[in-house]
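Novice: Residue numbers (full-length UniProt numbering): 1 to 437. Structure provided below as structure tokens; questions to follow.
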């Protein structure tokens, strides 16, 4: 048997020695250990570099500049302010108070009577709220059966409706006292061009303000008249026969000799027929309004009836006319403030102003005043809505006319809003006084 020649690395080199076990072990392990240490060092360097890179990239590791700090602070402040603005204005429980904290706008109390006297609403929004309040009270009385014929004019105490007796405060008053929802300046700015119309010259005159007040008053009166007509119109034909109308329950207190304008004569058929301008036996809405408010009528029959009533209520000797004493004791004191000379006479003992007025009215010089001779003063005895509209306009202008030119600019109205809007004030607001309340 033959063997191949040995050609291993152990015999190829002439000077090589056959390695022993120990020498072979050390010759192989020593290079490997150095390599591992090198790799570990490189790995540690890489890990250290990666950590440093990560820290460098982290926002927390970077120190922000002053400009960046200011920008972030400003952004946070704006965001907070925006959030507070939204919460404040969107919250229904956070009304914006008026600039004058001691003044609170008031709505008039509900009235059951179809012919109230009081301040004429300047703002149609206020008029609408008060009309709605009146209608609610009207419906309440109707539901309680108090609007059966004969009960329609029962007075309702204003303090009871305003929370003094049982109905509670009206939320409408909270609305008109929230400056964010009902801003007086913006309301005046919106209404000014609607008042300044004759001509539209940038100034509101007494005549323009009187016309504005009169239109507002007539709307309210007609609204109540329509409501009253609906109550009495039993067959719902839009008109009233005398048989459908009954005088108010309180009229029984007055008799034919009572000197009050609320005497029984005002509820008799003669009054009804005098209001029936077309003579058809019925009163339509316009005629019924004249019946309830004869002071504003242009119906000659009704004016003549008014004059006869003045004579009837004061004619003590029943001769159908008024002598001087009957005139002096009755009518003169009702009209004296319309007579400048009489109103400035401080002499209580002198009847000279009364005699002068009597002589002026006694056209036939018979020493007596007939019903026809009272026609020139019937407007003083029964002032129409125009009288009250002008009275209120004159008062408002004297209060708000800061430059005393007899008219109002937009700026004057903006600076004096509470002159136009009736107000209630607390004890702390001593400077405010509202003559019209």
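We put the CB at the ideal spot given by N, CA and C, even for glycine.
In or out: residue 403 buried (at least 16 other Cβ within 10 Å) or exposed?
Specialist: It counts as exposed.
Novice: May I have the straight-line CA-CA distance separating residue 245 from residue 271, to the nearest angstrom?
Specialist: Computed Cα separation, rounded: 12 Å.
Novice: Could you give the DSSP three-state label for residue 197: helix, strand or coil?
Specialist: Correct three-state label for residue 197: coil.
Novice: Can you give me the C-alpha to C-alpha distance between residue 313 and residue 398, rounded to a whole angstrom?
Specialist: Cα to Cα, the separation comes out at about 38 Å.
Novice: How many angstroms separate the CA atom of residue 143 from the CA atom of residue 233?
Specialist: Whole-angstrom Cα-Cα distance: 18 Å.
Novice: Could you tell me the distance, in whole angstroms, from the CA atom of residue 405 to the CA atom of residue 196?
Specialist: Rounded to the nearest angstrom, the two C-alpha atoms are 16 Å apart.
Novice: Excluding the five sequence neighbours on either side, which residues of its own chain have a C-beta within less than 7 Å of the C-beta of residue 122, listed in chain order?
Specialist: Closer than 7 Å at the Cβ level, and outside the excluded window around residue 122, lie 420 and 421.
Novice: Looking only at C-alpha atoms, which of 357, 179 and 380 sits nearest to residue 104?
Specialist: Comparing Cα positions, the closest option is 179.
Novice: Kindly give me the distance between the Cβ atoms of residue 310 and residue 381, rounded to whole angstroms, as I take these residues to be in contact under 8 Å.
Specialist: Residue 310 to residue 381, Cβ: 6 Å. Contact.
Novice: Whose C-alpha, out of 369, 297 and 191, is nearest the C-alpha of residue 328?
Specialist: Out of 369, 297 and 191, 369 has the C-alpha closest to the C-alpha of residue 328.
Novice: In chain order, what residues of the same chain lie with their CB nearer than 8 Å to the CB of residue 416, ignoring the 5 residues before and after it?
Specialist: If we look at residue 416 and ignore the five residues flanking it on each side, its Cβ neighbours are 399, 400 and 402.
Novice: At which residue ranges does the segment 358-431 contain complete beta strand (DSSP E) runs of 3 or more residues, listed in the order of the chain?
Specialist: Runs found: 423-425.
Novice: Spatial neighbours of residue 225 within its chain, please: CB distance less than 8 Å, with the 5 preceding and 5 following residues excluded, ordered by chain position.
Specialist: These residues qualify, in order along the chain: 114, 285, 288, 289, 292 and 293.
Novice: Between which two residues does the alpha helix (DSSP H) holding residue 269 run?
Specialist: 269-275 is the span of the alpha helix (DSSP H), which, as asked, contains residue 269.
Novice: Starting from residue 438 and walking both ways along the alpha helix (DSSP H), at which residues does that stretch end?
Specialist: Limits of the chain in this structure are 1 at one end and 437 at the other, which puts residue 438 out of reach.
Novice: Which one or two residues does DSSP pair with residue 240 in a beta bridge?
Specialist: Residue 240 is bridged to 283.
Novice: Flag this pair as yes or no: are the beta carbons of residue 214 and residue 389 separated by less than 8 Å?
Specialist: Yes, the pair counts as a contact, with Cβ atoms nearer than the cut-off.
Novice: Leaving out five residues before and five after residue 301 in sequence, what residues of the same chain have Cβ atoms less than 6 Å from its Cβ?
Specialist: Cβ within range, chain order: 274.
Novice: What are the start and end residues of each continuous alpha helix (DSSP H) run of 4 or more residues lying completely inside the UniProt domain "EF-hand" (315-337), in chain order?
Specialist: Whole alpha helix (DSSP H) segments, 4+ residues: 332-335.
Novice: When you compare only the Cα positions, how much space is there between residue 154 and residue 228?
Specialist: Caution applies to residue 154, whose pLDDT of 41 falls short of 50 and renders its modelled position unreliable; the model cannot decide the point.
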